[in-house]
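With the working numbering, letter number 71 in the sequence shown gets 82, and the count goes up by one each step, no holes.
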Amino acid sequence: MLSSHRSNLVLLVSIVLSLSVVVLASATQQSASVTMSGETEEQPPHQGLNGMDLIIDGWFHERGELWPGQAMSLKVKKVLDHHRSLYQDVLVFESENHGNVLVLDGVIQVTERDEFSYQEMIAHIPLFAHPNPKKVLVIGGGDGGVLREIARHPGVEEIVICEIDKGVIDVSKKYLPSLSKGYDDPRVTVRIMDGAVFMEENQDAFDVIITDSSDPIGPASVLFETPFYNAMHKSLRDGGIVCTQGECMWLHVHLIRPLVQNISKTFTDVGYAYTTIPTYPSGQIGFIIATKGRGACNVPARKPSDELQKELRYYSPELHNASFVLPAFARRAIFED
12 MLSSHRSNLV LLVSIVLSLS VVVLASATQQ SASVTMSGET EEQPPHQGLN GMDLIIDGWF
72 HERGELWPGQ AMSLKVKKVL DHHRSLYQDV LVFESENHGN VLVLDGVIQV TERDEFSYQE
132 MIAHIPLFAH PNPKKVLVIG GGDGGVLREI ARHPGVEEIV ICEIDKGVID VSKKYLPSLS
192 KGYDDPRVTV RIMDGAVFME ENQDAFDVII TDSSDPIGPA SVLFETPFYN AMHKSLRDGG
252 IVCTQGECMW LHVHLIRPLV QNISKTFTDV GYAYTTIPTY PSGQIGFIIA TKGRGACNVP
312 ARKPSDELQK ELRYYSPELH NASFVLPAFA RRAIFED
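In structure tokens:
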């Protein structure tokens, strides 16, 4: 009987070990993708929030590590799309009173109700500060809103957008047509690739570079680091202007200040402007605006035509000027010793 028990025990252990090997092999296969050459390619390590987990009792609650202790909530009418792309969690829902909403890694990127205040300012501040922009590069901005605003400038001859995640473009074309119509302009060239690589291959090439990125976590984190700004500087023509998403003065001066200080060693002038937008954290977001071989951008070099100004819903030459005037606490925290 003891010998029989031992045999059974040995058999059971062998089965368990075999199953463990199978499970381990399966997990290994799932953790890597196979390229056409047969080599394995590791998936990006970043795993952002699942947008669906933030929908509770019919409300989407934006809670993020960059704004601890506070949240933004929107009532959900219908979930339109939810999937995980190669780079991030993608959620699109129809809200009760903010139109369609794009969420990446649990963070609101766009609502149809208030997107214009961000899109107009991040595009028109650098474009109207430049006397004659011909070639413009957009890094990120897959929803197409920045393209839509750049296309309002008839003097611009070439617009290139580098978006690393094609999935963002696809859902925007399907669910955000008022933004993605920017892709319809014949001057637009789309490159699905890393913007830093593209700039390395295209130096001294652009008059204006606009980086429309998500927050500095996950795949967008490198866009807030000094080497990326150095790459933009090299890709700018002399007299060029960079404008990037610059986070919130109420929450992120600890991120803004060191970045401004570091890139000031490379760029001729570095400034900070801002816009108000209800569905972004604390209702405000800023822009870091840096120049190469020219002075500050707080005074526009050109003004919209009367016809264009009637189409714009947020930007004006007066607001352009005013957007660089910071509250005392923010000015001291970002620029003073």
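Even glycine gets a Cβ: it sits at the ideal position worked out from N, Cα and C.
- The closest CA to that of residue 270, considering only 238, 289, 319, is found on 238.
- Within the model, the alpha-carbon separation for residue 62 versus residue 214 is close to 38 Å.
- Of the candidates 240, 141, 267, the residue whose Cα lies closest to the Cα of residue 315 is 141.
- Inter-segment contact for the region 155–171 and the region 190–209 is present: three or more beta-carbon pairs are separated by less than 8 Å.
- Annotated three-state conformation of residue 310 is coil, per DSSP.
- If one requires a minimum length of 4 residues, the alpha helix (DSSP H) runs lying completely within the region 146–180 are 156–161, in chain order.
- Counted as a single uninterrupted DSSP element, the stretch harbouring residue 82 is not any beta strand (DSSP E), since DSSP gives it neither H nor E.
- Going by DSSP, residue 332 is part of the alpha helix (DSSP H) stretching over 328–333.
- Looking from the CA of residue 104, the closest CA among 279, 246, 70, 263 belongs to 70.
- Below 8 Å, enough C-beta pairs join the region 110–120 and the region 182–191 to call them touching: three or more.
- The beta carbon of residue 262 lies closer than 7 Å to those of 77, 78, 292, 293 in the same chain, with the five residues before and after it left out.
- For residue 264, the enclosing alpha helix (DSSP H) has its first and last residue at 264–274.
- Taking a 10 Å sphere around the C-beta of residue 320, we find fewer than 16 other C-beta atoms and assign the residue as exposed.
- With a threshold of 16 other beta carbon atoms within 10 Å, residue 246 meets it and is buried.
- Of the residues assessed, residue 204 falls on the exposed side of the cut-off, its CB having fewer than 16 other CB atoms within 10 angstroms.
- In the DSSP assignment, residue 133 falls within the unbroken alpha helix (DSSP H) covering 126–140.
- Boundaries of the alpha helix (DSSP H) harbouring residue 208: 206–212, taken from the DSSP string.
- Here residue 91 is actually not in contact with residue 219; their C-beta atoms are around 33 Å apart, not less than 8 Å.
- Looking from the CA of residue 107, the closest CA among 300, 122, 134 belongs to 122.
- Of the residues 317, 135, 223, 66, the one whose Cα lies closest to the Cα of residue 153 is 223.
- Straight across, the Cα-Cα distance linking residue 244 with residue 174 is about 19 Å.
- Assigned with DSSP and collapsed to three states, residue 342 falls in helix.
- Residue environment for residue 211: exposed (fewer than 16 other C-beta atoms within 10 angstroms of its C-beta).
- Taking C-beta separations shorter than 7 Å and ignoring five residues to either side along the sequence, the partners of residue 126 in its chain run 156, 190, following chain order.
- Taking all protein chains in view, the Cβ of residue 322 is surrounded by fewer than 16 other Cβ atoms within 10 Å, so the residue is classified as exposed.
- Residues 281 of the same chain have their beta carbon placed closer than 6 Å to that of residue 275, with the five preceding and five following residues left out of the count.
- Per DSSP, the continuous alpha helix (DSSP H) segment holding residue 242 begins and ends at 237–246.
- A residue is called buried when at least 16 other Cβ atoms come within 10 angstroms of its Cβ; residue 347 does not meet this threshold and is exposed.
- Bounds of the alpha helix (DSSP H) holding residue 320 are 317–322.
- About 4 Å separates the Cβ atoms of residue 326 and residue 131, confirming a contact at the 8 Å cut-off.
- DSSP, read as helix, strand or coil, puts residue 106 in strand.
- Residue pairing for residue 111: DSSP places it in a beta bridge opposite 105.
- When the five nearest sequence neighbours on each side are left out, the beta carbons in the same chain lying within less than 8 Å of the beta carbon of residue 162 are those of 170, 193, 196, 198, 199, in order along the chain.
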